[in-house]
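Okay, structure first, notes after.
Number of protein chains: 6
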Amino acid sequence: MYELGVVKRNIQRADRVAVDRLAGFGVATVHEAMGRVGLMKPEMRPIYTGARLCGTAITVLLQPGDNWMMHVAAEQIREGDVVVAACTADNTDGFFGDLLATSFRARGAVGLVIEGGVRDVKDLTEMLFPVFSRAISAKGTVKSTLGSVNIPVVCGGALVNPGDVVIADDDGVVIVPAAWATRTADAASAREANEAEKRAKLAAGVLGLDMYKMREPLEKAGLRYID
Amino acid sequence: MYELGVVKRNIQRADRVAVDRLAGFGVATVHEAMGRVGLMKPEMRPIYTGARLCGTAITVLLQPGDNWMMHVAAEQIREGDVVVAACTADNTDGFFGDLLATSFRARGAVGLVIEGGVRDVKDLTEMLFPVFSRAISAKGTVKSTLGSVNIPVVCGGALVNPGDVVIADDDGVVIVPAAWATRTADAASAREANEAEKRAKLAAGVLGLDMYKMREPLEKAGLRYID
Amino acid sequence: MYELGVVKRNIQRADRVAVDRLAGFGVATVHEAMGRVGLMKPEMRPIYTGARLCGTAITVLLQPGDNWMMHVAAEQIREGDVVVAACTADNTDGFFGDLLATSFRARGAVGLVIEGGVRDVKDLTEMLFPVFSRAISAKGTVKSTLGSVNIPVVCGGALVNPGDVVIADDDGVVIVPAAWATRTADAASAREANEAEKRAKLAAGVLGLDMYKMREPLEKAGLRYID
Amino acid sequence: MYELGVVKRNIQRADRVAVDRLAGFGVATVHEAMGRVGLMKPEMRPIYTGARLCGTAITVLLQPGDNWMMHVAAEQIREGDVVVAACTADNTDGFFGDLLATSFRARGAVGLVIEGGVRDVKDLTEMLFPVFSRAISAKGTVKSTLGSVNIPVVCGGALVNPGDVVIADDDGVVIVPAAWATRTADAASAREANEAEKRAKLAAGVLGLDMYKMREPLEKAGLRYID
Amino acid sequence: MYELGVVKRNIQRADRVAVDRLAGFGVATVHEAMGRVGLMKPEMRPIYTGARLCGTAITVLLQPGDNWMMHVAAEQIREGDVVVAACTADNTDGFFGDLLATSFRARGAVGLVIEGGVRDVKDLTEMLFPVFSRAISAKGTVKSTLGSVNIPVVCGGALVNPGDVVIADDDGVVIVPAAWATRTADAASAREANEAEKRAKLAAGVLGLDMYKMREPLEKAGLRYID
Amino acid sequence: MYELGVVKRNIQRADRVAVDRLAGFGVATVHEAMGRVGLMKPEMRPIYTGARLCGTAITVLLQPGDNWMMHVAAEQIREGDVVVAACTADNTDGFFGDLLATSFRARGAVGLVIEGGVRDVKDLTEMLFPVFSRAISAKGTVKSTLGSVNIPVVCGGALVNPGDVVIADDDGVVIVPAAWATRTADAASAREANEAEKRAKLAAGVLGLDMYKMREPLEKAGLRYID
């Protein structure tokens, strides 16, 4: 794990049906459905408002200032994949731009999540190629040091294994382990079913205090009302 | 002050007429009108471009990772209030989302200012519910530890007392103490009256150096022109 | 250099023809064309999506919380200039707003790059006055301490000499030394000529691995494929 | 409150006996004794290991890059005071050095807490003059813009009123409102009395799980042990 | 993985002989010996100069502002373990102090690595209990929400499995997967054997350019010497 | 300037007598003597308390994650030089350790200033080799991409030309342009002569308000005293 200089070709992608179902939910819902785990740190932001993606992870471990492995990763992409790129050190260089986006899309990728920088954001936005990154930077990178492709990586503070489901929207990025995909989709469905009713009540002025029966536990916890 | 486990019910809100007048000014103007005080730090940003709010503060002191007090605060909201939420520690969790926004709006709230994170930003944007926060995060929170409602809080580096006027726009967030509301509205009016004339002169190519009579003080301060 | 209290009036601006040619390229392209130097740090961001500028630098060295020198700089602006403002300390105050923008534009400025804060961003956006800054802040500044105008400054981590070409877009800000303007425009043209062909190949599914002939060097570097 | 250009001369200092008692406790203990409030943010650090102070607050509101008000504050210092300096904007300039420390000490001050920078740290360390700051910087400041002395300030995220008790050690800085001094000293004493016994038990290998009777609530909360 | 509410009791610790051998090397050497992977981010710093630890990981996943799981973890500690604590969100609260250190040491722990805050640093220093953390903070924590013990965690940007070897010194923190312990110790030994000779040559004025035979590759890469 | 792939061999070092005189002053004094310019940002910190250096700059421009140019720089070092290393992007990798320190010292270097990371800090401390850096990190670097040696660089926000005087102590790092060395030493001497007398007065309880005759300008500025 975390070995440098390795490309794993055969990876086990999450079940496609489950991935397609998960595509219908927001990141917050999926995160809750998983038991409140799997989120990347909030530093990972979309490069344009409304960017959204859901797919299976091709993982890349980059070296700072070097995007060689992005080209190696391109060959491993299958239809419906999301490239998830980590780096051995914090680095905001522009590892990715419109040429790589063109290549990734041609190979079937539906987006990129990168703990690093990207450039050509105007072009990427016009292409509607969704990218979630820590930075935007025009800085060019070299192609000289090996990293790896399809090893487990830590990206945005989350562990990502190749084949995991990656879901990202305006609220952030969440990783669903491949083995959890179906059950998480189930839990997300159940959760959403609940929300419409709650929203209606709250819109009618019912308080969460009453709807969630919080008054007693608050009192027990010692909450005091004063005038 | 700053006591945990307390909800103050009767608060003295700023004069409504003054609040409505202040709603007509930008944050920069109000901050200047107050004598250049009252601003929150620039880390407090709107979740969508063009978000804007003006109202009276309901204050909340949260615990990290816990949004229980948001529900307690909901009950204290009156028409025209803005919820101002601080936290006992820096924390970017998603304390607030579309359900709470629905509830707050139903109770009369016109927006939220939070030194923390929020989620469901796409929904909040569609609802046109203005939120100013330090972060966006899908991360869920628990409901288990008491904070307080309607005590003085420090939010975004500014002291906020319940009932103070909160004004926020693309330039940031400013707090006008309730007792200063009328005089600040007066000063803001006076200030705006001046600006149109200045703008016209500057647009015509008159220099600030001349309009503000800066040449003499600059020379006195020792400014040297060289070629 | 870096002396305080000095205004240089006669500066050598980059060749206008070269500046106009550079205006046709993106920041990433120019940065590459210069040999991968000249970029400001990625903290320098446009205040609105799509902001873009290209012009010759008027440099300003500000003191924290003080925008006096901005007014001094206004007088030095010629048609097609960009004001580049550095500060003797990290400071996010709102050194610049719609009045100064009106003045700068009246004098011929095409935009501002500032390692500091700006305010009135709604107005600046409506004016389509492009600004690249480290922060947005409503905070007012005083006019009492001397800095300098048209001395070499370090802004966003880049050295800027008066007269240098400043190009900024959604990808960031790049500085082309005045003496390099023509040759950089040439190199940028050459670079762009190449890109269309590459893009077409990549869009057709050709891999960068093959197009850039990376397979052999990767193997030499020791890359291993596993299943 | 927060008005600029004001010096309050007569302030109500916390009870001296209570202050002296509080001097005997660590910051963590005092913070707990107050009900877990009153801490500054952890960015406030001692300039040398082992720095420690306890006294009553003289508050100062500085302008960025300007330490004029430090001189104004010096005159207000009485024996046993701690100067607490906030700034209208984040600024790391060196507002304070060995000359001011000499002056403050001569007037009776026992230390400084500053949301800003200090310099001459080698001299300050040799003088054993305790300073807690956000930064160390050699950068000089001017004396040209008014702030205030002895108004309520927000420093390090905490509200400080003149006369409050300020306690700082390697763990950080805590503010005890003047009116709470005696009761906080009482609560701190009670808390410390408990700790020796707990420590002995834990040192003997007793688990907190048993000592604090956590096993049942953990089980209720759903904790599962697996092999 | 990453499931909340779980404690794994039987973990496979790295081979003790290998751990003891690794204890003899610095973090930089071990990181190199592993092939330049396994480091935590440089934000993880020792609380006192010279702190150093080497042991097998007990992992903890905390919730923000809540140290309940630290008590649960205490029971799982065996002689020679290091507790590695991650948190579901960035949080600098003081999750750990002298009482927990007393308990951990009594159970056999040789130190703590925590992506969070600690307090009582003076006591911890006097106890010579090595702690590597992201922050120091006196802030107290509650005991109310479940996390997990001995699941894989991401701490300081590194993946840590229970039983892995944790080595930390003034240069940072490195994680050696349990299965790699022996081979990493071998590689570290080999590496150190080389260094003495290199150091002697360099001390004698031999250049790395010559010792590492860099002149030819530098020339090939295009390095130009000018006068 | 800023060209990559270049090593300048013949540089004009600042006058040695002036350098030796400057070695006798603290950073704060030199910064003031220069007219309050030339400081690096406060992020540049010594790796051990009491580290101090003064010498002439050998400049290096590194690439992220790559320390090849450090070896190239070693050959250019002459007795009394300080290596000043910048990087084309923010990067905290450990570009420098005890082997390079041994080599640099053997060539005559008196210290290092680096906007990046260093490792082996225990060894460097024992060698009393002064280093001022932005980070400490054990992370290894490669040797594959060209930067430059002895070109002007921006390090810690300051412009450094080869041959400039570099002075660093616990208060930070200041750069004196080679041509300013003598006059800055003169100004620093004059400044120090003044300080002893001032310190004596302040120690005797004289207020800065009186010593600097501030009462009148404060009154003019509008300062109000209230009770």
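Residue numbers (my numbering), protein chains in the order written: chain L, 1 to 227; chain S, 228 to 454; chain G, 455 to 681; chain E, 682 to 908; chain H, 909 to 1135; chain W, 1136 to 1362. From the three backbone atoms N, C-alpha and C, an ideal C-beta is built for every residue, glycine too.
C-alpha distance - residue i paired with residue j, whole-angstrom precision
i, j, result
"R1240(W)", "T503(G)", "50 Å"
"Q1198(W)", "G480(G)", "23 Å"
"R183(L)", "M354(S)", "31 Å"
"E1127(H)", "T141(L)", "21 Å"
"V380(S)", "V387(S)", "5 Å"
"N691(E)", "T773(E)", "30 Å"
"E1327(W)", "K1333(W)", "10 Å"
"D1118(H)", "K667(G)", "32 Å"
"L1247(W)", "V473(G)", "39 Å"
"L493(G)", "L351(S)", "36 Å"
"L912(H)", "L22(L)", "21 Å"
"V392(S)", "R243(S)", "10 Å"
"L904(E)", "A755(E)", "57 Å"
"I226(L)", "N294(S)", "21 Å"
"D1079(H)", "A316(S)", "28 Å"
Residues that DSSP places opposite residue i in a beta bridge
i, result
"A622(G)", "L507(G) and V627(G)"
"K1143(W)", "I1134(H)"
"R499(G)", "S587(G)"
"I758(E)", "In DSSP, I758(E) forms no bridge with anything."
"S602(G)", "L515(G)"
"L661(G)", "In the DSSP output, where bridge partners are listed per residue, L661(G) has none listed."
"D520(G)", "Q517(G) and V596(G)"
"G775(E)", "G798(E)"
"V82(L)", "A57(L) and G111(L)"
Range of the contiguous beta strand (DSSP E) that encloses residue i
i, result
"G367(S)", "Element bounds for G367(S): n/a, residue is neither H nor E."
"G111(L)", "G111 to V118"
"V160(L)", "A158 to V160"
"V381(S)", "V380 to C382"
Contact set for residue i: own chain, Cβ-Cβ below 8 Å, skip 5 residues either direction
i, result
"G1243(W)", "I1212, R1213, E1214, G1215 and D1216"
"M978(H)", "V968, L970, V991, A993, F1003, F1004 and L1008"
"A405(S)", "Q239, R240, A241, D242, T283, N388, G390, D391 and V392"
Endpoints, the alpha helix (DSSP H) within which residue i is located
i, result
"A638(E)", "In the structure as shown, chain E starts at 682 and stops at 908, and residue 638(E) therefore has no counterpart that could be examined."
"D1225(W)", "D1225(W) -> no alpha helix (DSSP H), and no H or E assigned at all."
"K1355(W)", "R1350 to A1356"
"A1009(H)", "D1006 to R1015"
"R929(H)", "R924 to L930"
"V802(E)", "V802 to E807"
"A1163(W)", "V1162 to A1168"
Sequence-distant residues of its chain with Cβ nearer than 7 Å to residue i (five each side left out)
i, result
"D574(G)", "G551 and D552"
"D843(E)", "It should be pointed out that residue 843(E) corresponds to Pro in this sequence rather than to Asp. Result list for P843(E): K689, I692, A738, I739, T740 and N831, in chain order."
"A1104(H)", "none"
"W1088(H)", "M942"
6 Å Cβ shell around residue i - same chain, five flanking residues per side excluded
i, result
"V174(L)", "V27, V30, H31, G38, L39 and I167"
If contact is defined by three or more beta carbon pairs under 8 Å, each pair taking one atom from either stretch, is the segment 483-495 of chain G in contact with the segment 712-719 of chain E? no
Counting Cβ pairs closer than 8 Å, one from the segment 1270-1284 of chain W and one from the segment 1104-1114 of chain H, do we hit at least three? no
Within 8 Å, do at least three Cβ pairs link the segment 413-431 of chain S to the segment 572-591 of chain G? no
Do the segment 721-738 of chain E and the segment 1172-1181 of chain W touch if we need at least three Cβ pairs shorter than 8 Å? no
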